[in-house]
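See below for the structure under consideration.
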Amino acid sequence: MKLVTGILILASSIAFSAKLGAQEIAPDTLIRNVSNEVLDIVRKDKDIQAGHTSKAIDLIESKVLPHFNFMRMTQLAVGKDWRQANSEQQKTLANEFHTLLVRTYSKALSEYRNEKITIKALTLKPEDTDARVRTEISQANSGKPIGLDYYMEKSASGWKVYDIEIGGVSLITNYRETFGSEIRRSGVDGLIKLLQSKNQSAEGATAKK
Amino acid sequence: MKPSSVVQTMLKIGSRRSVESVRGMLGAIGVALVLTGCATSGNPKDPIEGFNRAMFAINDGVDQAVIRPVAVGYDTVMPSPLKKGVTNFFGNIADLFIGVNNLLQGKVSNGVSDFGRVLVNSTVGLLGLIDVASDIGMEKHNEDFGQTFGRWGIDSGAYVVLPLLGPSTVRDTVGLIADSKTNPVPHIDDVSVRNSLLALSLIDKRASFLAADKVVEAAALDKYSYIRDAHLQRRRNLIFDGNPPRERDDSASTFDVDVGHDTTLAQHTDADLSIGEVATTAYK
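Residue numbers (my numbering), protein chains in the order written: chain A, 663 to 871; chain L, 16 to 299.
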């Protein structure tokens with residue numbers, strides 16, 4: 663009996679410390695670590711630089727995506743029509759949106775040419791559950807850096823990105839009008855179909871390469 | 016005839032890559048106007064969507080046939096330091112009207128700094144070819160008359176796709192006319208020098224967005240609305256100098272406006288380039 667209790671206490675304390683450990687990584691530190699790790703790999707990988715999409719996708723899936731909250735992202739992109747979708751549809755939407763964003767992100771990575779990325783320090787109060795991590799990308803040919811901001815929220819498994827803004831343009835809410843008009847025209851299933859056909863045609867284009 | 020097929024026809028015309036096709040497209044504008052007049056999805060920001068989509072397709076055709084190939088050539092042939100020099104040269108001219116607009120918006124210290132930049136870069140920076148001012152910490156700003164009008168509280172009005180110039184709004188089109196009045200390049204008397212400079216600035220701008228082309232292709236379900244919405248977001252961001260009140264919709268039925276998370280870091284996000292700007296400048 664004592665042994666069982668001991669194991670239980672041990673297990674829960676491990677779980678608790680793991681949870682604490684995840685939360686302890688501040689949002690800006692997290693972004694810095696992930697950026698450095700990913701860009702180091704891209705810098706060394708000639709295939710990704712040459713536009714080898716599947717390799718870039720693998721990299722993103724394994725290193726970047728664990729820090730994204732896709733459900734929240736999809737919800738943001740769909741906006742007020744989100745409640746029209748049942749949970750099955752919501753899951754499918756999130757999956758398809760995931761595929762679309764990963765592909766977009768992989769194209770962006772293949773265009774990376776050693777631009778310098780600065781991550782601004784973040785002042786965070788202990789009770790904050792929402793943060794905006796600001797970064798800047800300096801380009802070789804232009805005097806002015808591009809702002810790249812990550813909106814993050816605190817979750818049980820650490821800080822998660824739910825929106826990305828480039829130069830003030832949200833990559834997520836930018837879909838809202840398109841999604842909304844498709845839902846008005848042909849319902850949630852229509853939007854799912856639209857996303858699926860976009861993803862499939864992109865898939866086909868990659869396969870041909 | 017469905018609007019989408021009009022657009023497709025015009026894209027085909029656009030990709031034929033001949034002077035004739037440009038003439039054909041101009042004729043097609045009229046036809047497209049009539050045929051697509053009713054094609055709107057009811058977006059309040061885009062009441063003339065039918066016209067805009069037609070114009071967008073024409074611009075895209077011209078871009079694919081002429082502007083983009085030239086920009087790719089320019090990007091490949093020109094050595095990086097030269098490209099940077101060209102960008103800086105036009106940036107230095109732009110700093111003049113950026114300064115004027117900062118003053119008009121009451122941002123006096125920014126305006127004074129902009130004129131300082133012109134002074135430094137035109138002299139020490141060899142007629143603007145080198146951006147010495149940025150190196151010594153005089154920050155480059157992004158302003159124009161459209162932003163000034165927005166700052167004054169004038170609403171953007173309807174979204175408009177201009178021939179060749181691309182995405183704009185009613186307000187920003189008026190701003191664009193004012194911009195061209197304060198820009199010395201269109202007022203150069205020597206026609207060949209003037210046209211060469213205008214063409215060079217166009218190609219310089221277009222070349223800087225080549226990398227974004229593929230990303231937009233990958234991201235957009237509907238390129239027209241993707242670029243429109245990015246453009247509108249971008250302009251809104253610029254008017255607020257990088258810190259617009261964030262529109263947070265989630266699944267709520269009304270907009271829940273949340274003012275910036277930390278205003279202390281506010282000044283640093285006014286960026287110069289984005290997918291939105293691709294839309295603005297891709298066809299300039």
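Each residue gets a CB set at the ideal place from its N, CA and C atoms; glycine is no exception.
8 Å Cβ shell around residue i - same chain, five flanking residues per side excluded
i, result
"valine 185(L)", "Ser171, Gly172, Ala173, Val175"
"lysine 778(A)", "Ile799, Ser800"
"proline 689(A)", "Leu784, Leu786, Ala793, Val795, Tyr812, Met814, Trp821"
"glutamate 920(A)", "This structure gives no information on residue 920(A), because the portion of chain A shown stretches from 663 to 871."
Residues that residue i contacts on chain L, provided the C-beta gap is smaller than 7 Å
i, result
"leucine 856(A)", "Leu236"
Short CB-CB distance (under 7 Å) between residue i and chain L
i, result
"tyrosine 770(A)", "First, the residue type needs correcting, since residue 770(A) is alanine and not tyrosine in the sequence shown. Yes, alanine 770(A) counts as interfacial toward chain L."
"asparagine 836(A)", "yes"
"threonine 840(A)", "yes"
"valine 704(A)", "no"
"lysine 822(A)", "no"
"lysine 806(A)", "yes"
"lysine 860(A)", "yes"
"glutamate 773(A)", "yes"
"lysine 871(A)", "Only weak support is given to the placement of lysine 871(A): the predicted model assigns it a pLDDT of 47, under 50, and the value that follows is read from those uncertain coordinates. Not one chain L Cβ lies under 7 Å of lysine 871(A)."
Chain-ordered neighbours of residue i on chain A, where CB pairs are closer than 7 Å
i, result
"alanine 233(L)", "Arg765, Thr766, Lys769, Ala864"
"glycine 257(L)", "Gly809, Gly830"
"asparagine 67(L)", "Simply none; closest approach about 13 Å."
Nonlocal neighbours in the same chain, by C-beta distance under 7 Å from residue i, ignoring five residues either side
i, result
"isoleucine 854(A)", "Gln751, Thr754, Leu755, Glu758"
"valine 850(A)", "Gln746, Ala747, Gln751"
Contact set between residue i and chain A, taken where Cβ atoms lie within less than 9 Å
i, result
"lysine 220(L)", "None at all; the shortest Cβ gap to chain A is about 11 Å."
Proximal chain A residues relative to residue i, where beta-carbon distance stays under 8 Å
i, result
"arginine 249(L)", "Gly829, Gly830, Val831"
"leucine 253(L)", "Gly830"
"valine 230(L)", "Thr766, Lys769, Ala770, Glu773"
"asparagine 116(L)", "Result: empty, since nearest Cβ-Cβ is about 16 Å, beyond 8 Å."
"asparagine 58(L)", "Glu839, Ser843"
Close Cβ partners of residue i (< 6 Å) along its chain, the five nearest in sequence each way excluded
i, result
"serine 832(A)", "Asp825"
"serine 128(L)", "Met153"
"threonine 736(A)", "Leu755, Ala756, Phe759"
"isoleucine 828(A)", "Leu810"
"isoleucine 719(A)", "Val764, Ser768"
"alanine 222(L)", "Ala86, Tyr89, Asp90"
"isoleucine 203(L)", "Arg209"
"phenylalanine 130(L)", "Gly114"
"arginine 694(A)", "Ile781"
"isoleucine 808(A)", "Ile799, Gly829"
"leucine 111(L)", "Val133"
"tryptophan 744(A)", "Gln737"
"leucine 857(A)", "Glu758"
"glycine 165(L)", "Ile254"
Neighbour flag for residue i against chain A, beta carbons, 7 Å
i, result
"aspartate 244(L)", "yes"
"threonine 51(L)", "The predicted position of threonine 51(L) is uncertain, since its pLDDT is 48 and thus under 50; a value taken from the coordinates is nonetheless stated next. No, no contact with chain A."
"alanine 173(L)", "no"
"lysine 196(L)", "no"
"alanine 226(L)", "yes"
"serine 240(L)", "yes"
"threonine 284(L)", "Low local confidence applies: a pLDDT of 36 at threonine 284(L) is under 50, so the model's placement there is unreliable, with the coordinate-based value given in what follows. It does: the Cβ of threonine 284(L) has a partner Cβ on chain A nearer than 7 Å."
"leucine 97(L)", "no"
Proximal chain L residues relative to residue i, where beta-carbon distance stays under 9 Å
i, result
"glycine 849(A)", "Here the premise fails: no neighbours, minimum Cβ distance about 15 Å."
"glycine 852(A)", "The contacting residues do not exist; glycine 852(A) stays about 12 Å from chain L at best."
Residue i - partner residues in DSSP beta bridges
i, result
"aspartate 825(A)", "Tyr813(A)"
"alanine 770(A)", "Answer is none; alanine 770(A) lacks a bridge partner."
"tyrosine 174(L)", "Thr184(L)"
"aspartate 792(A)", "Glu815(A)"
"valine 831(A)", "Ile828(A)"
"glycine 820(A)", "Ser817(A)"
"threonine 761(A)", "Threonine 761(A) is not bridged to any residue."
"lysine 778(A)", "Ser800(A)"
"phenylalanine 730(A)", "Val823(A)"
"isoleucine 151(L)", "Paired residues: none, contrary to the question."
"isoleucine 808(A)", "Ile799(A)"
Relative to chain A, which residues along the segment 119-133 of chain L have a C-beta separation below 8 Å, given in chain order? Cβ contacts with chain A: none found.
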